[in-house]
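*Asks:* Numbering (the working numbering), first residue to last: 10 to 131.
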Amino acid sequence: MEIRYKIWLEKDGKVIFGQGREKLFEAIEECHSLNAAAKKLNMSYRAAWGRLRASEERMGVRLIESDAARKGMALTPAARALLDRFRQLEKDADAYLRKMSRELSALVEAGAGSKPEGGKKV
């Protein structure tokens, strides 16, 4: 038995951040370019830019900035903090849900041999 889940952050019912934006941020960090990051993720520049701008508008903060030293783009401190905290949230949720999955699996297995009400084994 497995518990399946996805985590994303919303504001007013609209996505701010999730696994897709997490991958986009990671690609921006690696490539130092939104265009190269979009290509790496097999998405259009326009789609990547749109997701990034939507998150910036919903959060009210810039998430990428020019990186003059590398002649490209870099995550802002706000974006870096968001990415780090989201990764920690995923890690913590995964650990908790794995634990719960083991506990629920044990209950399901223990109950597999018991008789339901009415006395018939299923």
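We put the CB at the ideal spot given by N, CA and C, even for glycine.
Could you tell me how far apart the beta carbons of S42 and M68 are, in whole angstroms, since I believe they sit closer than 8 Å?
*Replies:* No, S42 and M68 are not in contact; Cβ-Cβ is about 22 Å, not under 8 Å.
*Asks:* Exposed or buried, what is A56 when buried is set at 16 or more other beta-carbons lying within 10 Å of its beta-carbon?
*Replies:* A56 is exposed by the Cβ-count criterion.
*Asks:* Sorted by chain position, which residues of the same chain lie with C-beta nearer than 7 Å to L98's C-beta, five sequence neighbours on each side aside?
*Replies:* I16, listed in sequence order.
*Asks:* Between R60 and L33, is the Cβ-Cβ spacing less than 8 Å?
*Replies:* Their beta carbons are under 8 Å apart, which means R60 touches L33 by this criterion.
*Asks:* Restricting to Cα atoms, I'd like to know which of A104, G27, M10 and R89 is closest to I37.
*Replies:* Nearest C-alpha to I37: R89.
*Asks:* Is the beta carbon of I12 sitting closer than 8 Å to the one on L116?
*Replies:* No, the Cβ-Cβ distance between I12 and L116 is not below 8 Å.
*Asks:* Let's test the definition: count the other Cβ atoms within 10 Å of the Cβ of A47 and tell me whether it reaches 16, buried, or not, exposed.
*Replies:* Flag for A47 reads buried.
*Asks:* Using the rule of at least 16 other Cβ atoms within 10 Å of the residue's Cβ for burial, across every protein chain shown, is R136 buried or exposed?
*Replies:* In the structure displayed, the chain extends from 10 to 131; residue 136 sits before or after that span and is not available.
*Asks:* State the DSSP-derived secondary structure class of K80, mapped to helix, strand or coil.
*Replies:* DSSP places K80 in coil when its eight states are reduced to three.
*Asks:* Who are the near neighbours of L113 in its chain, counting only those whose CB is closer than 7 Å to its CB and skipping five residues on each side?
*Replies:* For L113, where only same-chain residues beyond five positions count, the Cβ hits under 7 Å are M10.
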